[in-house]
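Chains as they are written, first to last, in our numbering: chain A, 1 to 153; chain B, 1001 to 1507; chain C, 2001 to 2092; chain D, 3001 to 3117.
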C-alpha cells in the first residue's frame, strides 16, 4: 500500500491506460501496435494497481484460475482463427474479401480503414486476451509469493 | 493433410487445463496415432511439406518469387522418426504419472505442461523454419524446466529447474544470434532455402560454431554436461524420461542443422571429429561418474550422458566421411543409422530405467542404493522391467541396444579402431554399474523397514510396460525396424539435395 | 582461479566471434531483402492489413506467433504451478 | 576501417552482448545472473532489429505512408516474438529464484548451487 498521492493518481490514470491499451489492440492491423503490445500496455495498468494497492487487495478481484482460463481461451481464439482456414491451409487468411474485416486496401499508402486485415484483428484480440491475462496472472502470483517470502522470514 | 498432428498438439495443450487425466491420455494417444500416420506417409512418399497460410499446402514458394516467404513445415525421415520417439515416450510418461502424481497439488498445470512439452518435441522435428525451431526450443525449455522443478518442496528440484532454464535460455539465445546471422546475410529463414543459398562465409562458420555449442549444451553432451544430473534426478514422476526425450530432440535438431543446412559445404572431417570427441568424452565421463554414484536416479542420468556419447560417435563418424561417397556407402551410412537407431532405443530403455528408478524412489522414499535391498520380492514387475532395461542398455546380445551398438562398432572400427575399443570398454562398465544397482536394490537381504512396501500401481506398470514392450519389440525384430524406419531417417540426413529440393523445387 | 581463466577464455572466444561477425556483416542499412520486398509489395493485397508488421506476425508467420503465444501460456502455467500453495503449506 | 564506421550498430550490439555475457559468467548473485541474461537478450533483439534497417526507410505501415521505401518488417516481427519469449523466460527464472530464496534464504550462487554456470 503506497501513499495517498500514489493511490489517487493510480485511480485517475488506470482507466486511461486501459483505454489506450484497447486502442492499440483494436488498431493493431492499421497503425503500429497489435495484440502483444496492447496487451502489455493493458497489463501495465494491472501492474500499477498492484504497486499502488498491494497484492492483498488486488488478488481479491483478480483470481488466478480465472486469469489462466482467460489466457487459455485467448490462445484458443487465436488457434481457432488459424483453424478457420484449414479448408485451404492452416492459417490461411480466410476473411480477406469477405464481409467481416474484409476490405482490401489498394497497394501503397492507404488511409485508415478499420474493416481490413481479414483474420488478423480476430487473432489480435485472441493474443491480447492471452497476454493481458497471462502477464497479470504472473505479476499477481509473484507479488503474492514474494510478500509471503518476506513475511515468512 | 499429413501434418495435422503438429497442429493438433498445441491445440490439445490449450484445452488441457480444464479437462483431466483421461483427456490427456486420449490426446496423447491421438497424437501418437497422427504421428504414426505422418511417419507412414513420409516413408511411403518421401519428404512432405506443408506451407502454412498459403493458398495451397504444396505451394512453398509464392508465384513470381524465388524464395519461400511463409513458414513451411517439412517432415523427412528423421523428423518423422523423432516425432515417433517423442510421442511414444510422452505417452508412457503421462500414463506413468497418473498414479504417482496423486499426492501432489497443481496437477492440472502439470499435465498442461506435459502436453506442451510433447507438442514442442514434435514441433521441433516437423518444422522447416529456423526461427520456428527457436520458438519451439523455448517452449521445450520452459515446460521442461517447470516440470523438473515441479516438486517445489525439494530444494534440489528447484535448483535443477533453475539450472535447466538458465542453460537453455543461453543456448536458445545463441541459436537466435546465429539465426540473425543467417537472416542478415541471406534474408531467409527457411532451412532448405538457407542451405540452398549457403556460401559458407566466415559468418556462417561462426554461426555453425554457436549452433553446435548451443545444441550440444542443450542435449547434455560432455563439455557442458554438468546440468543434466541435477535436473533429471529430482524431476517429478514420469517426466524425467520425457525431459530426456527432449534432450534427444535437441540432439536431432543438431543433426538437422549440421546435415541439412551445412551438409557438404562443411569442412567435414573437422566437425565430424569434434562431434566424435564430444561423443567419446561423454561416454567415458558419463560412465565413470555413474560408477561412483549411490543415488539410483543420478546414476542412471550419468548413464544417459554416456549413451548420448554413442549417438554422437555414430553420427560423428558418418559426418566425418560425408564428403567421400565411397566411405559413406561402405560404413558412413551404417554409422549414422546406428547412431539414430541408438537414439530411439535409448529413449525407450533409458526412459524405462528412469521410470523404474522413480518407482523405487516413490515406494521406498529414498534414492540411496545403500539403503535399499531385497526389493525383487516386493516389486516383481519393476524388477522385471529393470532387468530388460539394464540388459538393453549394456548392449547384451539379444536386445536392441546390442543391435544399434553393433552398427556403431562396426562402422567406427573402419574409421579408427581406437573408437571401437573405447566404446566397448564403456559398454562393459555400463553393465558392471547396472549389476551393482541390481544387486543393491533388488536382491540381497530384505530390509526390515521396507517389508510392507507393495508393488507399484497399475498405471505406472502400464507406463513402464509400454516402453518395455517397445524395447522388446525392437529387440526381436531389429532388422525389420532398421530397414523400415532407421535407414530412411539416416538417408534423410544424407540426402541434403532432396531436403532442399522439396522446398525450392527441382534444385 | 580456474574459474577466472575459464571466464576469460570464454569471453575472449565469444567476443572475437561477435566482433568478427559485426565487422564482416554486410553494411548496416543496406539489407538483402528478397523475402521482405515480397512481403512489402504483397501485404495489402494478400492480407488486407495496413500494418506490415502485424501482417507478418499474424499472417505470413502465423505459426511462429502461435508458438509465441504458447510460450507465454507455458510460462504463465509454469509460474502459477511453481508458486502454488502446497498441501503441507495449506494445512499450516 | 570503413566497416567500423558503417557497422557501428552491429559493433555496439556485440559490445552489449559481451557485457551481458560477462555479467552472466562472473556474478554470483542469482538475480544478477538473470540480469546478465536479460542484457544479452536485449543485445540479440537489437541485432535483429538493426538487421532490418534500411537507410532512410519508414515504418512498414501503409496507413498515411508516403512511399514504399520501408524498413524490413520481418525482423520486427521476429523481435516482437523474441521479446515475448524473453519475458516468459525471465518470469520463470525469477520464479525459481523466489523458490530458491524460500528454501535457503540466499540468492547467492555459492551457497545455493553446487555447480556454477
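For every residue, glycine included, the Cβ atom is placed at its ideal position computed from N, Cα and C.
How would you list, in chain order, the residues of chain B whose beta-carbon sits under 8 Å from the beta-carbon of residue i?
i, result
"residue 3044/D", "1173, 1176, 1177, 1180"
"residue 2017/C", "1206, 1209, 1210"
"residue 3023/D", "Those within 8 Å of residue 3023/D in chain B number zero; the least Cβ separation is about 12 Å."
Among all the DSSP beta bridges, which residues are the ones paired with residue i?
i, result
"residue 1129/B", "1190/B"
"residue 3058/D", "3070/D"
Output, in chain order, the set of chain C residues within a Cβ distance shorter than 9 Å of residue i.
i, result
"residue 1202/B", "2020, 2021, 2024"
"residue 3037/D", "The contacting residues do not exist; residue 3037/D stays about 14 Å from chain C at best."
"residue 3013/D", "2018, 2022"
Ends of the alpha helix (DSSP H) at residue i?
i, result
"residue 23/A", "4-26"
"residue 3070/D", "Residue 3070/D -> no alpha helix (DSSP H), and no H or E assigned at all."
"residue 2017/C", "2002-2024"
"residue 2053/C", "2052-2055"
Put residue i into one of helix, strand or coil per three-state DSSP.
i, result
"residue 3052/D", "coil"
"residue 38/A", "helix"
"residue 1319/B", "helix"
"residue 3115/D", "Only weak support is given to the placement of residue 3115/D: the predicted model assigns it a pLDDT of 43, under 50, and the value that follows is read from those uncertain coordinates. It is coil, neither helix nor strand."
"residue 1462/B", "helix"
"residue 1198/B", "coil"
"residue 1241/B", "helix"
"residue 3007/D", "coil"
"residue 143/A", "helix"
"residue 2061/C", "coil"
"residue 1417/B", "helix"
"residue 1154/B", "coil"
"residue 1391/B", "helix"
"residue 121/A", "helix"
"residue 2072/C", "helix"
"residue 1149/B", "coil"
"residue 3075/D", "helix"
"residue 1352/B", "helix"
"residue 1116/B", "helix"
For a contact defined as C-beta to C-beta under 8 Å, what are the partners of residue i on chain D?
i, result
"residue 1146/B", "3092"
"residue 1149/B", "3096, 3099"
Give the residues of chain C in contact with residue i, contact being defined as C-beta atoms less than 7 Å apart.
i, result
"residue 1112/B", "2077"
"residue 1138/B", "2071"
"residue 1131/B", "2064"
"residue 3085/D", "2068, 2071"
How many whole angstroms separate the CB atoms of residue i and residue j, which I take to be in contact at a CB cut-off of 8 Å?
i, j, result
"residue 2082/C", "residue 3099/D", "6 Å"
"residue 2019/C", "residue 3014/D", "5 Å"
"residue 1251/B", "residue 1308/B", "7 Å"
"residue 1141/B", "residue 1172/B", "6 Å"
"residue 3090/D", "residue 3038/D", "6 Å"
"residue 3052/D", "residue 3072/D", "4 Å"
"residue 1423/B", "residue 1283/B", "7 Å"
"residue 1139/B", "residue 2065/C", "Actually they do not touch by this definition, with Cβ atoms about 13 Å apart."
"residue 1121/B", "residue 1249/B", "5 Å"
"residue 1433/B", "residue 1290/B", "5 Å"
What does residue i touch in chain C if you count any residue whose Cβ is under 8 Å from its own?
i, result
"residue 145/A", "2083"
"residue 3048/D", "Per Cβ cutoff of 8 Å: no residues; residue 3048/D is ~12 Å from chain C at best."
"residue 3076/D", "2053, 2056"
"residue 3029/D", "Residues of chain C passing the Cβ test: none, with the nearest at roughly 15 Å."
"residue 3104/D", "Within chain C, no residue comes near residue 3104/D; the closest Cβ sits about 16 Å away, beyond 8 Å."
Nearer than 6 Å: is that true of the beta carbon of residue i relative to any heavy atom of the ligand GDP?
i, result
"residue 3034/D", "What this structure holds is no ligand at all, so the ligand GDP is not there to describe."
So which residues of chain B does residue i contact, with C-beta pairs closer than 7 Å?
i, result
"residue 2074/C", "1113, 1116, 1139, 1142, 1143"
"residue 3088/D", "1142"
Listing by chain order, which chain A residues have their CB less than 8 Å from the CB of residue i?
i, result
"residue 3016/D", "Going along chain A, no residue has its Cβ under 8 Å from residue 3016/D, so there is no contact; the nearest lies around 22 Å."
Interface residues of chain B around residue i at Cβ under 9 Å?
i, result
"residue 3080/D", "Those within 9 Å of residue 3080/D in chain B number zero; the least Cβ separation is about 12 Å."
Mind listing the chain D neighbours of residue i? Cutoff is C-beta to C-beta under 9 Å, in chain order.
i, result
"residue 142/A", "3091, 3094, 3095, 3098"
Along chain D, in chain order, which residues have C-beta atoms closer than 7 Å to that of residue i?
i, result
"residue 1161/B", "3096"
"residue 36/A", "3080, 3084"
Handout entry: Interface residues of the stretch 1280-1291 of chain B facing chain G [CB-CB below 9 Å]
Key = Given the protein chain composition of this structure (A, B, C and D), no chain G is represented.
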